[in-house]
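Numbering (this note's numbering), first residue to last: 1261 to 1409.
No residue lacks a Cβ here, since even glycine has one placed at the ideal position from N, Cα and C.
Note sheet for the following structure.
As structure tokens, then:
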């Protein structure tokens, strides 16, 4: 498995794990609210149900975001390489590995740090469509694209 495939696999699994966790939490909240509804009445009960409903809405929003991230990752072919930076490119700039995909936490694969960023982010936006050797500046930091895979 190539370095890029390992990165793709790790991020895909990370997002799928988040989806699974959010689904489980929503399911548990739904079950708790059903059980709670059977046993009590009054203001405290209504407040508890309301709080559960608010939490369920928050989790549903997070689940939706994770599903959208997964859909973007599913469009990426980790075996594809191009001269120009596109969605799914692994870019080395200033010695930093940047994975153009979705904004996700930094990971370490084979002892190398990798930052996943969205093409819509300021840095991702500067990278898109460019080739090795392209130079640009963001926030007074000068970047040079060294590698694209």
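Whose C-beta lies closer than 6 Å to the C-beta of residue 1371 among residues of the same chain, with five residues either side of it excluded? none
Counting only runs of 4+ residues fully inside the region 1273-1355, write out the alpha helix (DSSP H) ranges in chain order. 1303-1334
Three-state class that DSSP yields for residue 1382 in the structure shown: helix
Could you check the C-alpha separation between residue 1373 and residue 1397 for me, to the nearest Å? 22 Å
Measure the C-alpha to C-alpha separation of residue 1270 and residue 1375 and round it to an integer number of angstroms. 12 Å
Within 8 Å, do at least three Cβ pairs link the region 1306-1326 to the region 1350-1367? no
Helix, strand or coil for residue 1263, going by three-state DSSP, please let me know. helix
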